[in-house]
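In the working numbering, the protein residues as written are 9 to 143. Glycine included, C-beta positions come from ideal geometry on N, C-alpha and C. Since we're looking at a predicted model, the values are computed, not measured. Here's the structure, in structure tokens; my notes come after.
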């Protein structure tokens, strides 16, 4: 009986450690299109954002973003060979140029979460975070 219980527990532990978790998936295909969501930072309260992406290669997407506060710019999403996904944004807002860098922390193909830091005319953005959903 004890041997059976021990075998069951060992089997359960093996299953738990071999099942891949989708909690933090990073999908790299099918990201073209329009995405809508919100973002904020240490100096920016939550504001809406629309992102439009086009696939440039198997490891790169580029496009534009436009925020509810009037900010707009260009965005690049790069997929590293390590599987990590990085973003670069450059503000093209008249009178408020800036640049930002960040990481995709969750991407299941229909919902993307990201973090970012950067600088623009408002100052230094720290602890930036946001999400967008595919439309």
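- prompt: Just reading off the beta strand (DSSP E) that residue 59 is part of, what are its end residues?
  reply: According to the DSSP assignment, residue 59 belongs to the beta strand (DSSP E) that extends over 52 to 65.
field: residue 134 versus 59, 90 and 125, residue with shortest Cα-Cα distance
entry: The candidate whose alpha carbon is nearest that of residue 134 is 125.
- prompt: In its own chain, which residues sit with a C-beta less than 8 Å from the C-beta of residue 104, not counting the 5 before and 5 after it?
  reply: Answer for residue 104: 79, 128, 129 and 130, listed in chain order.
query: Do you know offhand how far residue 36's Cα is from residue 88's?
result: Between the C-alpha atoms of residue 36 and residue 88 there is a straight-line separation of about 10 Å.
- request: Could you have a look at residue 140 and say whether DSSP puts it in helix, strand or coil?
  value: DSSP places residue 140 in the strand class (E or B) of the three-state scheme.
task: Out of 132, 139 and 118, point me to the one whose CA is closest to residue 40's CA.
output: Of 132, 139 and 118, the residue nearest in Cα terms is 118.
message: Measuring alpha carbon to alpha carbon, tell me which residue in 60, 121, 142 and 136 is nearest residue 107.
response: Nearest option by C-alpha distance: 136.
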